[in-house]
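Single-structure report; data block below.
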Amino acid sequence: MIGEVKVYLRFLKDVVGIEYMRGAEDNKKTESLQELKREVEECNRCPLFRTRTHVVFGEGNEDAEIMFVGEAPGREEDMSGRPFVGKAGKLMDEVFEKIGLKREEVYIANCIKCRPPENRNPRPEELLMCFPYLERQIEIIEPRTIVCLGKFATQQLTGSMLSISILRGKTMRYRDVTVIPTFHPAYLLRNPQAIDAFKDDLIKAMNI
Ligand code: SF4
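Per the working numbering, numbering of the sequence shown is gapless, rising by one per residue and ending at 315.
Here you go:
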């Protein structure tokens with residue numbers, strides 16, 4: 108029912124140009140996210156809780172139509188408690204600016220909420236333990252589209268084990284949400300020739 112109301116409100120906004128006011132349902136959303144954040148901040152389900160400085164829960168627009176899901180916090184993110192604030196995040200911001208997308212319009216989170224030591228890849232058991240938090244974030248935010256940044260997010264949400272170079276450019280699903288798999292911004296730092304493809308993927312997500 109809530110999903111149908113949301114679709115109707117989006118219709119009013121997109122087609123008729125009427126934007127709805129934040130109401131009781133939205134306050135409930137804020138409360139649910141805050142409650143979940145408190146839970147994650149106390150989490151010790153996997154060994155990563157021992158080495159984290161801060162939990163990086165995620166941030167952004169709670170009514171976002173586009174949600175970005177990355178892999179795990181890096182050093183800067185662990186220090187600040189905020190997602191994508193290092194070099195990769197700055198590159199992503201530059202691409203956002205070029206295509207007219209604002210950070211405050213989207214929601215950004217990671218599969219893993221605590222930094223793996225030395226930025227190693229997340230382990231399967233860590234991904235498994237942390238996934239329910241991401242699932243609940245998605246349930247609360249109800250985005251129209253999820254942009255998966257890199258193979259871990261794509262594998263986690265779509266179940267596909269194919270490489271990101273094969274999946275990139277396809278349109279996939281997570282439950283009833285459209286998934287756009289694309290490169291992780293850290294990959295773009297090493298492979299700037301892939302930035303145009305990344306930009307195209309983001310424009311595709313904006314047009315859905
Ligand atoms: S990575 Fe996730 S599951 Fe592991 S301690 Fe942090 S919040 Fe908990």
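We treat Cβ as the ideally placed atom computed from N, Cα and C, and that holds for glycine.
By the three-class DSSP mapping on this structure, what secondary structure does Met-313 have?
Locating residue 313 in the sequence shown gives position 206, counting from the first residue. Helix at Met-313.
Using the Cβ count rule (16 or more neighbours within 10 Å means buried), how would you classify Pro-224?
One-based indexing of the sequence shown puts residue 224 at position 117. Exposed, because fewer than 16 other Cβ atoms sit within 10 Å of the Cβ of Pro-224.
Under 8 angstroms between the Cβ atoms of Cys-153 and Met-268?
As a first step, residue 153 is located in the sequence shown; it is residue number 46 there, counting from the start. As a first step, residue 268 is located in the sequence shown; it is residue number 161 there, counting from the start. No, the Cβ-Cβ distance between Cys-153 and Met-268 is not below 8 angstroms.
Excluding sequence positions up to five away, which residues of its chain have a Cβ less than 8 angstroms from the Cβ of Thr-252?
The count along the sequence shown starts at 1 and reaches residue 252 at position 145. Here the set comprises Glu-172, Ile-173, Met-174, Val-284, Thr-285, Val-286, Ile-287, Ala-312, Ile-315.
Taking 8 angstroms as the cut-off, decide whether the C-beta atoms of Val-162 and Lys-220 are in contact.
Mapped onto the sequence shown, residue 162 falls at position 55. Mapped onto the sequence shown, residue 220 falls at position 113. Their beta carbons are under 8 angstroms apart, which means Val-162 touches Lys-220 by this criterion.
Note down the Cα distance separating Pro-231 from Leu-155, rounded to an integer number of angstroms.
Residue 231 sits at position 124 when you count from the first residue of the sequence shown. Residue 155 sits at position 48 when you count from the first residue of the sequence shown. Going from the Cα of Pro-231 to the Cα of Leu-155 covers about 13 angstroms.
Measure from the alpha carbon of Asp-307 to the alpha carbon of each residue in Phe-164, Ser-187, Leu-296, Phe-203, then state which is nearest.
Position 200 of the sequence shown, counting from 1, holds the residue named residue 307. If we check each option's Cα against that of Asp-307, Phe-203 comes out closest.
Using 10 angstroms around the beta-carbon of Arg-185, count the other beta-carbons present and answer buried if the total reaches 16, otherwise exposed.
Numbered from its first residue, the sequence shown carries residue 185 at position 78. Going by the sequence as given, residue 185 is Asp instead of Arg. Buried, by the Cβ-count rule.
Using a threshold of 7 angstroms, is the CB atom of Arg-152 nearer than that to any non-hydrogen atom of the ligand SF4?
Start at 1 with the first residue of the sequence shown, and residue 152 comes out as number 45. Yes, since a heavy atom of the ligand SF4 falls inside the 7 angstroms radius drawn around the Cβ of Arg-152.
Going residue by residue through the region 256-281, where are the continuous alpha helix (DSSP H) segments of at least 4 residues, counting only ones entirely within it?
DSSP runs (the alpha helix (DSSP H)) wholly in the region 256-281: 258-265, 271-274.
Within a Cβ cutoff of 8 angstroms, which residues of the same chain sit near Lys-136, ignoring the five residues on either side of it in sequence?
Walking along the sequence shown from the start, residue 136 turns up at place 29. Around Lys-136: Glu-169, Asp-170, Ile-247, Ile-248.
Please classify Lys-277 as buried or exposed, where buried requires at least 16 other C-beta atoms within 10 Å of its C-beta.
Stepping through the sequence shown from its first residue, residue 277 is reached at position 170. The residue in question, Lys-277, is exposed, as its Cβ has fewer than 16 Cβ neighbours within 10 Å.
Please indicate yes or no: does the CB of Met-186 lie closer than 7 angstroms to some heavy atom of the ligand SF4?
Taking the first residue of the sequence shown as position 1, residue 186 is located at position 79. Not under cutoff, so the answer is no.
Are the beta-carbon atoms of Ile-206 and Ile-310 separated by less than 8 angstroms?
In the sequence shown, the residue the question calls residue 206 occupies position 99. In the sequence shown, the residue the question calls residue 310 occupies position 203. A contact, by the Cβ cut-off of 8 angstroms.
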